[in-house]
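In the working numbering, the protein residues as written are 322 to 480.
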């Protein structure tokens with residue numbers, strides 16, 4: 322018996338077509354913070370990273386980083402143990418404020434922001450390897466074919 326879960330309906334992302342200061346974009350980002358909280362995403366991601374990533378110098382790529390609120394919450398949970406972290410935050414709109422950068426810096430995390438379309442960015446040559454590639458509330462916007470391209474490229478970045 323077929324269910325609604327047998328197929329996905331890909332919808333354009335509202336945030337992709339609105340200026341960052343549009344009230345609808347601000348509201349949408351606020352909703353994402355609530356969704357992450359309701360789904361315990363911060364705790365789940367922190368636990369997975371603690372269990373799966375070796376200690377030492379760590380490089381993280383966050384794809385679809387948005388305003389950085391999600392990863393900052395994760396960083397706060399990991400900062401006591403993870404003291405040498407380089408975080409690359411990739412999004413097609415740079416929403417990382419100076420305050421957010423300072424919050425990461427206070428934890429000892431070094432942040433680099435990259436403003437680019439993920440598919441354009443992964444097509445560029447070079448790039449250092451990452452220990453972790455993270456994508457939160459991001460992948461559901463892409464077709465299966467696009468996800469295959471994305472995952473193959475990201476796998477090369479995080480062997």
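For glycine and all other residues, C-beta sits at the position ideal for the given N, C-alpha and C.
All values reported here derive from a predicted model rather than from experimental measurement.
Handout entry: For residue 344 and residue 387, the rounded distance between their alpha carbons
Key = In a straight line, the C-alpha of residue 387 is about 15 Å away from that of residue 344.
Handout entry: Outcome for residue 326 when other beta-carbon atoms lying within 10 angstroms are tallied against a minimum of 16
Key = Annotation note: pLDDT 46 at residue 326 (below 50); position unreliable, coordinate value reported separately. Answer is exposed; the Cβ neighbour count stays below 16.
Practice task
Go ahead and pull the three-state DSSP assignment for residue 484.
Solution key: Shown here, the chain extends from 322 to 480; a query on residue 484 therefore has no answer.
Exercise for the section: Give every residue of the same chain whose Cβ lies closer than 7 Å to the Cβ of residue 339, excluding the five residues on either side of it in the sequence, and list them in chain order. Expected result: 345 and 346
Practice task
Could you have a look at residue 432 and say whether DSSP puts it in helix, strand or coil?
Solution key: strand
Handout entry: Short Cβ contact (7 Å threshold) for residue 403 with residue 379
Key = yes
Handout entry: Whole-number beta carbon distance between residue 393 and residue 441, since they are thought to touch under 8 Å
Key = Residue 441 to residue 393, Cβ: 26 Å. No contact.
Exercise for the section: Please go through the same chain and pick out, in chain order, the residues whose beta-carbon is closer than 7 Å to the beta-carbon of residue 478, but skip the five residues on each side of it. Expected result: 382, 448, 450, 451 and 454
Exercise for the section: Note the first and the last residue of the continuous alpha helix (DSSP H) segment covering residue 409. Expected result: Not the alpha helix (DSSP H): residue 409 falls in the beta strand (DSSP E), residues 406-412.
Handout entry: When 464, 457, 439 and 465 are compared against residue 474, the one with the closest alpha-carbon
Key = 439
Problem - Residues that DSSP places opposite residue 381 in a beta bridge - result: Answer is 408 and 453.
Exercise for the section: Please state whether DSSP places residue 394 in a helix, a strand or coil. Expected result: In this structure, residue 394 counts as helix in the three-state DSSP scheme.
Exercise for the section: Measure the Cβ-Cβ separation of residue 430 and residue 416 and say whether it is below 7 Å. Expected result: no
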